[in-house]
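Okay, so here's the structure we're looking at.
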RNA sequence: GCUGCUAUGGCUCAGUCGGUAGAGCGCGUCCUUGGUAAGGACGAGGUCACCAGUUCAAAUCUGGUUAGCAGCUCCA
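Numbering (our numbering), first residue to last: 1 to 634.
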């Protein structure tokens, strides 16, 4: 007998009982919705036999792990359907992902979207057949003979065999796949499936390898959940910053400058307001500001190491027969600023900010609205300090990040990116620096994930990722520890001992790029920017022509009070003007007619709260000013 | 850059079988002077992304180029 602890309730079972059988003993409802199990904290298959005392949790679709098992099984069902419809297909891998699953196929004739309904129909048949999934293990040799004619599988088997492991398989009817699991008990559990996209993807994610056909899909235990999911995607599209950017007149992109955004008057107000805030908060945190040139000699880039490691992404030019490059980063300019005068330990930490306009030749296929452009403003800073000051300064930077992100109500995910293949500096230096980053962030009580090999070529970094409307995350903030550039530029400060020492340096951006950040907050707020950021904060709406004079006077008074105000004196009815102001997400609409002009009041409507009744202009100004000052998010 | 898809007035989109373009919104003029999400009439806007080819004839078929979209790769 084994004792199984089910969330605090201990029950006894026969030795060798499976997690699925335990679920069944609790209730058929749980058994039917079970996707995977967590035994002693480890996620595993429902088929796993239990032969010693343990804790057990049954994972349903409601849990992350349950969803993953569910989607993973669905990807096998899809592969099985493809195998039935296109017998010559070579299979590679088909995992679950955050919002569904995919499977990569190597096909003689790649699939097109027209083929998806047929695959979906075949999948429904497989679901109806309610095939049980069976798990088994083979030695590497046996595995290879089973997967004969499947070169991608053979490659994977060789890899596992190299580590001396047995290879696990899952079989469902006429389909068997190399797989670690966990998986559902039968194909019949998958109730609602939608294949969502078909694209290309490189084998093993390497651009040098063959491009395979990738089919994406998502599935749910209920049709209504699928409908809801698709509905949610539709809603998310409405928040897309490219769509809103056009509708709200924030920015535009033209064929004449792919990846080079144009900021329109309203977008420019947003950008400048953001920059004003940035300056305010950086002043508070003890930063000074500089500006370094956009074009600098190629020799400088050779010295900094950018030329060797980044030249494919740099735009270049020739001036008076000398080679120059347009800056893709601000650091070398920042080094020259530091070098321009001697420094004492008393000056450190020296925090030098720069809103630097950088240009990078990004691959055409990588461009994406304001999220990925070829020309953007980094809210950069270089911080020079002593080794002893490093950890405190790291924390200081993270505190600043926290303050800024909380003003926008943004939550983030931290990644620690470690040494890439292409790097400068010694392994010891890298490991030492990575350790300091870890310590600083751990001491602040923050969680992080490791992003192996994704550091900058000059040092490890902490990346702060923010999510867009579809939940895709974009790196915005980053703190990078650099012990290379101070070395290459022979930076110095005079210590207490009167000797010259080398400072350590941090690169960091909070917003990341102003452009990307505007994209993120546009989606985050769905265009309803907080009052302090709104390009137009209020619009005065006269009911008819005889109220124009009063309305224009109000506009002038509000502008004098420091607000961004428009007045809609078009020959339209009030309902029409309100509709337009609502669609523009204008925070406040000030309706004025006979009543207001006689009483000297305004009738205030808020884009979310609706009619707020009439009040004096002074009362409105007071209210709005308080909202601006608090940077309240409504 | 790679794979697939797409490109028609300022915007969103129709356009069948190849026979030289259509709607709504927006814009302009006029009527209407109104009370919290679209009042009405009339009008002006398009070498159908670009370059070739096939054809008596191309928005439509073919090839290429450019740009966009989804994903991959790369990245703030």
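Quick reminder that beta carbons are idealized off the backbone N, C-alpha and C, glycines included.
For this session: Would you tell me roughly how many angstroms separate the C-alpha atoms of residue 236 and residue 365, rounded to the nearest one?
Result: 22 Å
For this session: For residue 641, collect the residues of the same chain with a Cβ closer than 8 Å to its Cβ; drop the 5 residues on either side in sequence, then sort them by chain order.
Result: Any answer about residue 641 is impossible in this case: the structure gives the chain only from 1 up to 634.
Problem set entry | Given residue 605 as reference, the closest of 43, 459, 541 once Cα atoms are compared | 541
Exercise. For residue 413, which residues does DSSP report across the bridge?
Worked result: 465
For this session: Pull up the DSSP beta-bridge partners for residue 474, would you.
Result: 466
For this session: Could you spell out the range, first to last residue, of the beta strand (DSSP E) harbouring residue 75?
Result: Not the beta strand (DSSP E): residue 75 falls in the alpha helix (DSSP H), residues 64-85.
Problem set entry | Pairwise C-alpha distance: residue 253 and residue 259 | 7 Å
Exercise. Is residue 394 closer than 8 Å to residue 325 when the C-beta atoms are compared?
Worked result: no
Problem set entry | Nearest-angstrom Cα separation, counted from residue 21 out to residue 67 | 20 Å
Exercise. Can the beta-carbon of residue 17 be found closer than 8 Å to that of residue 39?
Worked result: no
Exercise. What are the complete alpha helix (DSSP H) segments, minimum 4 residues, inside the region 75-156?
Worked result: 116-129, 140-146
Exercise. Which residue spans inside the region 15-45 form an unbroken alpha helix (DSSP H) run of at least 4?
Worked result: 19-26, 28-33
For this session: Count the CB pairs spanning the region 150-163 and the region 124-133 that are closer than 8 Å, and state whether there are at least three.
Result: no
Problem set entry | Local conformation of residue 424 per DSSP, three classes | coil
Exercise. In terms of DSSP beta bridges, what is residue 378 paired with?
Worked result: 356, 513
For this session: Give the DSSP-derived three-state secondary structure of residue 535 in the structure shown.
Result: coil
For this session: Pull up the distance between the alpha-carbon of residue 4 and that of residue 465, whole angstroms please.
Result: 40 Å
Problem set entry | Check whether residue 144 and residue 191 have beta carbons under 8 Å apart | no
Exercise. Count the other CB atoms within 10 Å of the CB of residue 231; is the residue buried (16 or more) or exposed (fewer)?
Worked result: exposed
For this session: Determine the direct distance from the alpha carbon of residue 44 to that of residue 14, and round the result to whole angstroms.
Result: 19 Å
For this session: Check the C-beta distance from residue 380 over to residue 353 and give it rounded, since I have them as a contact under 8 Å.
Result: 7 Å
Exercise. Based on the DSSP output, what are the partners of residue 188 in its beta bridges?
Worked result: Partner(s): none; residue 188 has no beta bridge.
Problem set entry | Buried versus exposed, by CB contacts within 10 Å (16 or more), residue 172 | buried
Exercise. Are the region 205-222 and the region 333-346 in contact at 8 Å, needing three or more beta carbon pairs?
Worked result: no
For this session: Sort out for me which residues DSSP pairs residue 58 with in a bridge.
Result: 37
Exercise. Does DSSP classify residue 49 as helix, strand or coil?
Worked result: strand
For this session: Can you tell me which of 54, 337, 69, 41 puts its alpha carbon nearest to the alpha carbon of residue 33?
Result: 69
Exercise. Can you list the beta strand (DSSP E) stretches of 3 or more residues lying completely in the region 313-372, in chain order?
Worked result: 316-319, 322-326, 350-359
Exercise. Where do the ends of the beta strand (DSSP E) carrying residue 590 lie?
Worked result: 588-592
For this session: Indicate whether residue 523 and residue 241 have their beta-carbon atoms separated by less than 8 Å.
Result: yes
For this session: Assign residue 314 to one of two classes, buried (16 or more other C-beta atoms within 10 Å of its C-beta) or exposed (fewer than that).
Result: buried
For this session: With distances taken Cα to Cα, identify the nearest neighbour of residue 563 among 545, 602, 620.
Result: 620
For this session: Whole angstroms is fine: what's the gap from residue 62's alpha carbon to residue 35's?
Result: 9 Å
Problem set entry | Other residues of its chain near residue 1: CB distance less than 8 Å, five sequence neighbours each side excluded | 12, 13, 14, 15
For this session: Would you mind stating whether residue 416 and residue 450 have Cβ atoms separated by less than 8 Å?
Result: yes
Exercise. Which of helix, strand or coil does DSSP assign to residue 568?
Worked result: coil
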